[in-house]
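The structure appears below as structure tokens.
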Ligand code: SF4
Ligand code: SF4
Ligand code: SF4
Ligand code: SF4
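Chains as they are written, first to last, in the working numbering: chain A, 10 to 362; chain B, 5 to 257.
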């Protein structure tokens, strides 16, 4: 399934020490807008446009919002209308070249999952237009207690989607040239030291893991629809929607029209929404298809491991750990999955006896 | 509502008038709005009674026998009734008194004169009469108030949010105050304030009341992780929402 065969050891590599890495950022900034991780508040990180390269953080666990915010903004105006004149104007989306620097492998995979989603059926033109002219430059990271992408087949060094990949080593980075665009960038920058055989360390261990190989997960999900695990999670979940909003592969949105006080002009806005929220499955007549938190959590996970997977052949969770790290009720997605696996195994056992 | 301007009235019940003040923070928009309506009863601005109001805004909660009489009277004479601010929506902070014997409360406030001021448990307007729309918050959230007011004048159904403050907080990509070691009621509190407190580095105290369909036990568990006992956790949740949390009744939906 997710496992990609890109082996960086077969790619050309140069060395940049930390200072040269910041020089490289300056060089990138000279070419186009650059977006990279920055500090936010006391202990958090966000992607932001680079103004002073010194503010860019090279090593960080994860950002609050995923990279999707640049392609599917948290809020956007779809169109403005005029009731008296009975017409509307769609918002213009201006694309320009953008470089996204310091991206983790799971995040890149998240963007690719969204690409798949928005290319299906009626292509989502706002997203796809914003997605044009984007260059991604990856970076390695130390997994914390929430990352588990390796359990889903996404290694730290998975480089699919990147033009360049920065792998941390002592005092600097090995920079791997993944595609022609990346190669061109390094050539023009010209300050890298060619390295023939990079001496890399063992990939750090992920402490957060799923018990089974990711290939088996869709099959598990065939059998756990009625598991007691959903109720157990629902006892603690408060339905705040954080796990949806911050998930790099969640794409649901709601649309709302707001009319100006002059009662003539107005705007149609869309904003992120999520299936964990009570009003999400509410329909006319005060009915709610997923009133219970247990059915909402189940739906959320089935969206990640079964429904879309049946079509795309990929798991739609990339193991970033945001849903668990930011859950106010400390609900961990890996624990849910491992409990489902245990519950399934238990029931299998009983059947055999 | 074409032709004649809709008649709009404001009525004051038991509250601190913080909501009135908050309205004035929106002077410009308010002036535009006022052009479109005919204000027939604005306690601080005019005197005089009309027979019928298209929209009646109710500020403050119900806390005396006279309140009950008055609210019935207004209900009979209005088209749409909107509860403005947490006191009107849920009883608000006033409802904290419901946790104590009423005799004790009255004596604490009025001393010997307590018999001159008959008082009943603080209740939301919707406990007495039918309320069409609610603008929550202590003080009420001004953007939501504008949205409701505008929608009603335009003959549209106002869209009242019923998801958590966390959603607005996440849309703004605030640093979560939980990551700064604070506790927060945002996960169980109704959005509509643009997560104003966490956006300014403060935790949410739940002034807009709980989302409907709240997982009350889950919320207590969530707060216990910050070292509170069940009692302390409930106390925090009840500050603005005694009626809702205590009785687990969904008022006014
Ligand atoms: S973040 Fe946690 S509490 Fe909030 S909806 Fe998701 S699982 Fe439930
Ligand atoms: S489900 Fe959770 S771990 Fe998986 S991609 Fe979404 S936020 Fe990340
Ligand atoms: S600060 Fe409060 S409202 Fe904001 S995300 Fe955190 S828990 Fe939710
Ligand atoms: S963040 Fe919480 S306490 Fe602050 S205004 Fe909003 S609901 Fe009220």
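Ideal Cβ positions, reconstructed from N, Cα and C, are used throughout, including at glycine.
Next item on the list: Could you say which of B:64, B:72 and B:56 lies nearest to residue 84 of chain B if we only look at CA atoms?
Entry: Nearest C-alpha to residue 84 of chain B: B:56.
Next item on the list: Report the residues of the segment 284-310 of chain A with a CB closer than 7 Å to any CB of chain B, ordered along the chain.
Entry: Within the segment 284-310 of chain A, the residues whose Cβ lies closer than 7 Å to any Cβ of chain B are, in chain order, 286, 287, 288, 300 and 302.
Check: Does residue 88 of chain B come within less than 8 Å of chain A when only Cβ atoms are used?
Finding: Answer no: the Cβ-Cβ gap between residue 88 of chain B and chain A never drops below 8 Å.
Check: How would you write the range of the alpha helix (DSSP H) that residue 69 of chain A sits in, first residue to last?
Finding: Taken as a continuous stretch (DSSP letters only), residue 69 of chain A belongs to no alpha helix (DSSP H), as it is neither H nor E.
Check: Between the Cα of residue 331 of chain A and the Cα atoms of B:183, B:245 and B:243, which residue gives the shortest distance?
Finding: Ranking the options by Cα distance to residue 331 of chain A, first place goes to B:183.
Check: To the nearest whole angstrom, what separates the beta carbons of residue 149 of chain B and residue 288 of chain A, a pair I think is in contact under 8 Å?
Finding: That pair is no contact at about 20 Å.
Checklist line | Contact set, ligand 3 heavy atom to C-beta under 7 Å | finding: Those residues are A:249, A:251, A:337, B:168, B:169, B:170, B:173, B:174, B:178, B:180, B:181, B:182, B:188, B:190, B:191, B:199, B:202, B:207 and B:208, given in chain order.
Next item on the list: Go through its chain and collect everything with a Cβ distance to residue 71 of chain B's Cβ below 6 Å, but skip five positions before and after it.
Entry: Taken in chain order, the residues that qualify are 17.
Note to self: Counting only Cβ pairs nearer than 7 Å, list the residues of chain B close to residue 255 of chain A.
What the structure shows: Neighbours of residue 255 of chain A on chain B, chain order: 174.
Note to self: Against residue 191 of chain B, what residues of chain A qualify as contacts under a CB-to-CB distance less than 7 Å, listed in chain order?
What the structure shows: What residue 191 of chain B touches in chain A: 247, 249 and 337.
Check: Between which two residues does the alpha helix (DSSP H) containing residue 242 of chain A stretch?
Finding: Residue 242 of chain A -> alpha helix (DSSP H) spans 238-245.
Check: So, do the segment 88-105 of chain A and the segment 69-80 of chain A have three or more beta carbon pairs nearer to each other than 8 Å?
Finding: Too few Cβ pairs lie closer than 8 Å, so no.
Check: Hey, would you say residue 222 of chain B sits closer than 8 Å to residue 244 of chain A, going by beta carbons?
Finding: Against a cut-off of 8 Å, the Cβ pair of residue 244 of chain A and residue 222 of chain B comes out as a contact.
Notebook entry, point to check: Mind checking if residue 161 of chain B is an interface residue toward chain A, Cβ cutoff 8 Å exclusive?
Noted result: It does not; no Cβ of chain A falls within 8 Å.
Notebook entry, point to check: Should residue 165 of chain B be labelled buried (16 or more other beta-carbon atoms within 10 Å of its own) or exposed?
Noted result: Its Cβ being crowded by 16 or more others within 10 Å, residue 165 of chain B is buried.
Check: Does the beta-carbon of residue 15 of chain B have 16 or more other beta-carbons within 10 angstroms, so that it is buried, or is it exposed?
Finding: Buried is the call here.
Notebook entry, point to check: Hey, out of A:55, A:89 and A:33, whose CA is closest to residue 267 of chain A's CA?
Noted result: When only C-alpha atoms are compared, the closest one is A:89.
Check: Should residue 113 of chain B go down as buried or exposed, given a rule of 16 or more other Cβ atoms within 10 Å for buried?
Finding: Looking at its Cβ environment, which holds fewer than 16 other Cβ atoms inside 10 Å, residue 113 of chain B is exposed.
Next item on the list: Identify the contact partners of residue 26 of chain B in chain A, using a Cβ-Cβ distance below 7 Å as the criterion.
Entry: Under the 7 Å cutoff, chain A gives no residues; its nearest Cβ is about 18 Å from residue 26 of chain B.
Checklist line | Close beta carbons around residue 57 of chain A, own chain, < 6 Å, minus the five adjacent residues each side | finding: Within the same chain, Cβ atoms closer than 6 Å to the Cβ of residue 57 of chain A are found at 47, the five residues on either side in sequence being excluded.
Notebook entry, point to check: Counting Cβ pairs, one atom from each stretch, are 3 or more of them under 8 Å apart for the segment 333-342 of chain A and the segment 248-260 of chain A?
Noted result: Taking a cut-off of 8 Å on C-beta distances, the segment 333-342 of chain A touches the segment 248-260 of chain A, as three or more cross pairs fall below it.
Next item on the list: Identify the contact partners of residue 216 of chain B in chain A, using a Cβ-Cβ distance below 7 Å as the criterion.
Entry: 287, listed in chain order.
Next item on the list: Starting from residue 292 of chain A, follow its DSSP beta bridges and name the residues at the other end.
Entry: The partner list for residue 292 of chain A (beta bridge, DSSP) reads A:296.
Check: Taking the DSSP output, what are the residues bridged to residue 139 of chain B?
Finding: B:88, per the DSSP bridge assignment.
Margin query: Within a Cβ cutoff of 7 Å, which residues of the same chain sit near residue 203 of chain A, ignoring the five residues on either side of it in sequence?
Written below: Close CB contacts of residue 203 of chain A within its chain, under the 7 Å cut and outside five residues either way in sequence, are with 23 (chain order).
Check: Taking the C-alpha atoms as reference points, what is the distance between residue 65 of chain B and residue 12 of chain B?
Finding: Taking the straight line from one Cα to the other gives about 19 Å.
Check: Which chain A residues are close to residue 231 of chain B, counting only those with a beta carbon under 9 Å from its beta carbon?
Finding: Chain-ordered listing is empty here: chain A has no CB closer than 9 Å to the CB of residue 231 of chain B, the nearest sitting near 14 Å.
Margin query: Report the CB separation of residue 23 of chain B from residue 63 of chain B in whole angstroms; it is logged as a contact under 8 Å.
Written below: Rounded, the Cβ-Cβ distance is 5 Å, consistent with contact.
Check: If residue 191 of chain A and residue 27 of chain A are in contact, beta carbons under 8 Å, what's the gap, nearest whole angstrom?
Finding: At roughly 20 Å, the Cβ-Cβ gap does not stay under 8 Å, so residue 191 of chain A and residue 27 of chain A are not in contact.
Check: Rounded to a whole number of angstroms, what is the C-alpha to C-alpha distance between residue 1 of chain B and residue 219 of chain B?
Finding: For chain B, the structure presents residues 5 to 257; residue 1 of chain B sits outside this window and is missing.
Check: With which residues is residue 44 of chain A paired in a DSSP beta bridge?
Finding: Residue 44 of chain A pairs with A:58 and A:109.
Note to self: Checking 8 Å against the spacing of the C-beta atoms, do residue 115 of chain A and residue 328 of chain A come in under that value?
What the structure shows: Yes, these two residues count as a Cβ contact at 8 Å.
Notebook entry, point to check: Which two residues bound the contiguous beta strand (DSSP E) that contains residue 104 of chain A?
Noted result: Segment: none, residue 104 of chain A is in no beta strand (DSSP E) and carries neither H nor E.
Check: Less than 7 Å between the CB of residue 329 of chain A and some heavy atom of ligand 2, yes or no?
Finding: Yes, the Cβ of residue 329 of chain A comes within 7 Å of a heavy atom of ligand 2.
Margin query: Tell me the DSSP secondary structure of residue 18 of chain B in three-state form.
Written below: Three-state DSSP puts residue 18 of chain B in a strand.
Check: Exposed or buried, residue 199 of chain B, counting other C-beta atoms within 10 Å across all chains shown (16 or more means buried)?
Finding: Around the beta carbon of residue 199 of chain B, a 10 Å sphere encloses 16 or more other beta carbons of the protein chains shown; the residue is thus reported as buried.
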